[in-house]
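Here's the structure, in structure tokens; my notes come after.
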Amino acid sequence: MSSSTSVGDLVSQPYKYGFVTDIETDKIDKGLSEDVVRLISSKKGEPQFLLDFRLRAYQQWLRMEEPDWAALGHPAIDYQEMIYYAAPRQQEKKASLDEVDPKLLETFDKLGIPLSEQKRLSNVAVDAVFDSVSIATTYREKLAEHGVIFCSISEAVKDHPELIERYLGTVVPSNDNFFAALNSAVFSDGSFVFIPKGVECPMELSTYFRINSGDTGQFERTLIVAEEGASVSYLEGCTAPMFDTNQLHAAVVELVALDDASIKYSTVQNWYAGDENGVGGIYNFVTKRGHCRGDRSHISWTQVETGSAITWKYPSCVLQGAHSVGEFYSVALTNNRQQADTGTKMIHVGPHTRSTIVSKGISAGHSSNSYRGLVQIGPKARGARNYSQCDSMLIGDQAAANTYPYIRSQQPEASVEHEASTCRISADQLFYLQSRGIGFEEAVSMMVSGFCRDVFNQLPMEFAAEADKLLALKLEGSVG
Amino acid sequence: MIRPDADTLLEIVDLQARVEDKPILKGVNLTIKAGEIHAVMGRNGSGKSTLSKVLAGHPAYTVTGGSVRYRGADLLDLEPEQRARLGLFLGFQYPVEIPGVSNLEFLRVSTNARRMEKGEEELDTFAFEDLVRERLQVVQMDPAFLERSVNEGFSGGEKKRNEILQMALLDPLVAILDETDSGLDIDALRIVAGGVNHLASPENATLLITHYQRLLDVITPDYVHVMAGGRILRTGGKELALELEDRGYDWVDQELAVLEVA
Amino acid sequence: MVAAMSNSAAVAASTWVTTFLERLPAPAGELEAVQWRGREALSRQPLPSRRQEDWRFTDLAPLTALAPVLAPSSAQVGWPEPAADVFRLWLDAPDDLLNGQSLPAGLSILSSDEVQQALGHTLAACNCEQHWPVELNQASATRVLALRVSGAVVPTLELVSQAAEDGVMRPVRVLLLLEEKASLKVLQIQLGSGCSLSSLVMEAHLGRESTLRHGLLALGEGQACFLGHLAVEQEPRSQLESVWASHGWALSRFEPRVVQVDGEATTSLKALQLADGQQLVDTHSRVEFRGPEGQLDQLHKAIADDRGRSVFNGAVRVPRAAQRTNASQLSRNLLLSNQARIDTKPELEIVADDVRCAHGATVSRLQTDELFYLQSRGLSASVAAGLLKRGFCEEVLRALPAAAAAWRPLQRMLGED
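Residue numbers (the numbering used here), protein chains in the order written: chain A, 852 to 1331; chain B, 46 to 307; chain C, 354 to 770.
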């Protein structure tokens, strides 16, 4: 009989990215004040407009309260006990990868993101961010030939200040919410992508975020701009070492799509989730928003969320341009004591805007997995359409799956449709697959990936198989 | 086909099993040799479906006594998937729907698992598609079913044909068909039976579980066993099935009553 | 973002409650203790604010525009004759509720001891005994219709309340205890017009294998407001079918709450709410399964036209004890004007793996292809639209107890009178 393995045991595979790289870092003392904000800005040699932006955000943050409406259970975060800037100690960003500290290259090798010339992924350009700082970006020259800018946001501030000034904070204003204000005040690095008019980015772009320090908050900022007719596909990956304390990750991602532009943003999030008792792990409080500013523009979010102790994240689209399209495809898997509260907002402003939401939540262990979504059809969004589908899979009877899809419509010439269902992996289904010679783990994995297929199909090819494997790994040991 | 010198494939000795706390099988004895077709008949609740599930290794059933040897080795020690890979096949009475899992993918993974066990090479997607299209003809199934999720939204007859298709792909040594005839109209029954007959060979054996004669009109059994109260009460040739059809099951109940008193 | 209540609005809200309480007569009668409790609670708990998640979409301005007082009623305006199989009670009757009639077989009035014991029990089980609209009712209701139901009651019990005079408040409180295997059909008619406030709190306890078919027809006019609470506890194998329809109130908020105490019960909820003019119609429903194998079938329909606003919040809770629950909820909304607004928010909370829960929501106008089909058969656009609207409404209205037909719900709701 299959007593030896149960789906319950299948979930709890050890976290294999939990190592710490021993490297000297340059840190600002813990705590947050106006001086710290000024210090961050001066360490990065920023122009005045950016310092002003940070200081304004800091003042706004001081007046805001940490939100508690999502009913996430976590101990209060002491913002004065956190380090806001940590960078691996190396001189100026190296012109050539050969000069990058080999320890860092080795770290990314171990994470499966080789950066060196010989081993790097073909057809994917990678920006590697270690703690708060971008350490290397591959394929920059090749991209530059097409006019594509792909670099760390700090470099963009130096090299393309006019673009930063024009777009930074225009999608997620610094006073948008508590964590966005905090990020705007202290963000250290992140990626910048600019695709000029009419250019189809010749390769996948990818940023890989690695938190290494135990007491550092991670506040990266990503800005992607696609001008008229441009298109790009971008992927971020995230891991962190295992610490028994919680680290805060409060990133802001802004996407701007002008007329006929298209941005596809994919995330495979595998931050450390804490142990089976809920000790340690990342607090992932992220603000992601795309602005379909131009007519017929298109923004698509795909996320595979498997890590973090707490995830609180709603990648959204403001559909302003006529006939613009927003999409959200999500798989969120929670296990042990993880809490995920994730979903999207589709704000239909312009006429004939369309959006699609496909959310797949898998809850195992004692975890809690919530879909929270908003579809808002404004008075001018004639002919707007939304379709949402939210499915939950429950594994074991201790996990929670909640669905809060909120719909607001003020436009009669629009249609909104929402469907949700729950399912589980039944013993009968497992037995059926087993009785055809398919092993227990493979059977579970087949069913989970079948459940997630609509989302995985949206991932760039290079990463779809990876996501499949990641999910199978995370589920090892939990179905019973 | 009965051959005295044929290899013994399955040997069930005094098999006892329960589900939860309820004993269902109370000492089943049955030997199946290569080339033979056996039919187990009996009323609902006689234990015949339990027998098929225990043989396939369903986790809800606990074996409490007796033994089952499959080609000389202990079957009960094996996980369900190992039994399948070694050539034991269960055609389900109620094939399970598995949304999201593509039928084609499922068939390919299971066929390859069986092939690897037999020391044959794995089939890639293309080679497998060729094979599956050929085997589809055995059950006259529309290739469109390959693109759907496993059994999802299939009619009763389509599900049963999908079972026989799996049997045709997995090439089992012992095929146990649990009420394969239930819920089939006469045409579907003929197609399914045709498939079973087509796949029968001197090397393999079939165990039909049914309570109607009509399946046995199209698949001729070598042995018919009558099951009641978790035991095989009587064994005979195909004429025993006809006798049951004539006389009904009442005499079985009487024999069982005598047995239970004793 | 949440609309913050300005300071002056907060002051106005607290003044409204104070004034309301001052105008109430001194507590007296069988509900004296409850009245004291309700008044005390209200004085501590100001009006709900839109900062509370449950009230986010509910603007109470139409309510605070009223200055309601308790006053005896005299009017029975526009009531049809009760049909032969209907036993009608006038809940605002100045004297005895029964008014000399004897109750149909199977119904009996609870003794005051029994009322003492049972009143509020189901509200507490449904966790809503401290809700503001409930406290408002408790502060003001002077009597309760408390009935025991044994066996199968043949006639439909029709409970009518009407607030037709300006400035009046009509609190209605009902308690039903259905014994094992009992069955009852209840039709509640709530009518309001002018600057009046209707308040309803009904509790029902359904014993094992009992059946309650409940219909609520709430029809308002003008500035009238309606606040209703229905709390039902269901024991195993009981059946609840509740159908409500609401239209015409400046503000209507109805909160049905059902708890299946040990699962294994069947709950069917159907609703139709219409908002036109400047009306706001709001339903907050909640169904909780506290045991296994419960069933829920919920259909909520809404139409918003003119500058009307429709709100639906439908919570379904399936905790771990509720394995093998089968629940479905569907919210269907028609938005017919570009000044109208629909807010709909299903809430599904599940902690049990072996369950089937599905919910869906749609918001759209009338289907173009359906309209076109009718037009292609020679119907004018407006006639075609009218037909489709009717069809949309009738699916729910048909499910009301048959006695509702006398009140002509479809004609009154669609203004075809």
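Think of the CB as a built atom: it goes at the ideal place given N, C-alpha and C, for glycine as much as any other residue. This structure is a prediction, so every number in the text was calculated from the model and none was measured.
Rounded separation between residue i and residue j - CA only
| i | j | result |
| --- | --- | --- |
| N1237 of chain A | K1048 of chain A | 29 Å |
| M46 of chain B | Q258 of chain B | 19 Å |
| P965 of chain A | P953 of chain A | 12 Å |
| T856 of chain A | E124 of chain B | With a pLDDT of only 41 at T856 of chain A, under the threshold of 50, the placement of this residue in the model should not be trusted; the figure read from the coordinates follows. Cα to Cα, T856 of chain A sits roughly 10 Å from E124 of chain B. |
| Q942 of chain A | S985 of chain A | In this prediction, Q942 of chain A scores a pLDDT of 49, lower than 50, which makes its location untrustworthy; the coordinate-derived value is nonetheless stated afterwards. Q942 of chain A and S985 of chain A: Cα-Cα distance of roughly 12 Å. |
| D448 of chain C | L498 of chain C | 13 Å |
| V154 of chain B | L1281 of chain A | 14 Å |
| V64 of chain B | Y106 of chain B | 5 Å |
| L451 of chain C | P457 of chain C | 11 Å |
| G1041 of chain A | V1103 of chain A | 9 Å |
| T509 of chain C | L460 of chain C | 11 Å |
| L540 of chain C | E1178 of chain A | 46 Å |
| K961 of chain A | T636 of chain C | 55 Å |
| A1271 of chain A | E142 of chain B | 19 Å |
| L550 of chain C | R606 of chain C | 12 Å |
| E488 of chain C | Q676 of chain C | 34 Å |
| L724 of chain C | T411 of chain C | 33 Å |
| G667 of chain C | H653 of chain C | 9 Å |
CB-CB length for residue i against residue j, believed under 8 Å
| i | j | result |
| --- | --- | --- |
| E586 of chain C | V554 of chain C | The pair is not a contact, with the Cβ atoms about 14 Å apart (cut-off 8 Å). |
| T1118 of chain A | V1155 of chain A | 7 Å |
| S595 of chain C | L580 of chain C | Not a contact, Cβ separation roughly 17 Å. |
| Y243 of chain B | H83 of chain B | It is His, not Tyr, that sits at residue 243 of chain B in the sequence shown. Actually they are not in contact, since the Cβ atoms of H243 of chain B and H83 of chain B sit about 18 Å apart, beyond 8 Å. |
Listed by chain order, chain B residues near residue i by CB distance under 7 Å
| i | result |
| --- | --- |
| G1290 of chain A | E126 |
| F1302 of chain A | G145 |
Residues that residue i contacts on chain A, provided the C-beta gap is smaller than 7 Å
| i | result |
| --- | --- |
| L135 of chain B | S1286 |
| D707 of chain C | R1275 |
| A711 of chain C | A1271 and S1272 |
Proximity to residue i [Cα-Cα], best of the options
| i | options | result |
| --- | --- | --- |
| L252 of chain B | B:G90, B:G87, B:I77 and B:E179 | B:I77 |
| V704 of chain C | A:E1051, A:G1201 and A:S1214 | A:S1214 |
| I542 of chain C | C:A693, C:K742, C:W597 and C:D722 | C:W597 |
| G1158 of chain A | A:L1099, A:S1117, A:C1089 and A:H1199 | A:C1089 |
| A693 of chain C | C:G504, C:A657 and C:P415 | C:A657 |
| E1006 of chain A | A:E916, A:P898 and A:Y1255 | A:P898 |
| T475 of chain C | C:T564, C:I462 and C:L528 | C:L528 |
| Q720 of chain C | A:G1141, A:S1113, A:S1266 and A:Y990 | A:S1266 |
| V297 of chain B | B:Q185, B:D50, B:R235 and B:R279 | B:R279 |
| E467 of chain C | C:L400, C:S493, C:L500 and C:L444 | C:L500 |
| H925 of chain A | A:L1099, A:A1232, A:R1233 and A:K1231 | A:L1099 |
| A711 of chain C | C:S717, C:R718 and C:E700 | C:E700 |
Chain A residues whose Cβ lies nearer than 9 Å to that of residue i
| i | result |
| --- | --- |
| Q211 of chain B | R1287 |
| Q676 of chain C | D1248 |
Per-residue contacts from residue i into chain C (C-beta, under 7 Å)
| i | result |
| --- | --- |
| Q911 of chain A | Residues of chain C passing the Cβ test: none, with the nearest at roughly 15 Å. |
| P1230 of chain A | N691 |
Partner residues on chain C for residue i, Cβ-Cβ distance less than 9 Å
| i | result |
| --- | --- |
| Q1190 of chain A | Correct list: empty, because the minimum Cβ distance to chain C is about 13 Å. |
| S844 of chain A | No answer is possible for residue 844 of chain A: it lies beyond the span of chain A, which begins at 852 and ends at 1331. |
Beta-carbon neighbours of residue i, restricted to chain B and to distances below 8 Å
| i | result |
| --- | --- |
| M1298 of chain A | I143, G145 and V146 |
Interface partners of residue i on chain A, CB under 8 Å
| i | result |
| --- | --- |
| T715 of chain C | S1266, V1267, E1268 and H1269 |
| L215 of chain B | R1287 and G1288 |
Beta-carbon neighbours of residue i, restricted to chain C and to distances below 8 Å
| i | result |
| --- | --- |
| P1256 of chain A | K698, P699 and A714 |
Using a Cβ cut-off of 9 Å, which residues of the segment 1264 to 1288 of chain A contact any Cβ in chain C, in chain order? E1264, A1265, S1266, V1267, E1268, H1269, E1270, A1271, S1272, T1273, C1274, R1275, I1276 and S1277
If the cut-off is 9 Å on Cβ atoms, which residues from the segment 90 to 109 of chain B count as contacting chain A, listed in chain order? K98, A101, G102, H103, P104, A105, Y106, T107 and V108
Looking at chain C, which residues of the segment 1239 to 1253 of chain A have a Cβ within less than 8 Å of any of its Cβ atoms? S1243, L1245, I1246, G1247, D1248, Q1249, A1250, A1251, A1252 and N1253
Near-chain A residues of the segment 51 to 79 of chain B (beta-carbon distance less than 7 Å), N- to C-terminal order: none
For the segment 385 to 409 of chain C, list every residue whose C-beta sits within 8 Å of some C-beta in chain A, in sequence order. E406
Closer than 7 Å between beta carbons: that is the criterion. Which residues of the segment 1161 to 1175 of chain A meet it against chain C? none
Residues of the segment 231 to 261 of chain B with Cβ closer than 7 Å to any Cβ of chain A, in chain order: none
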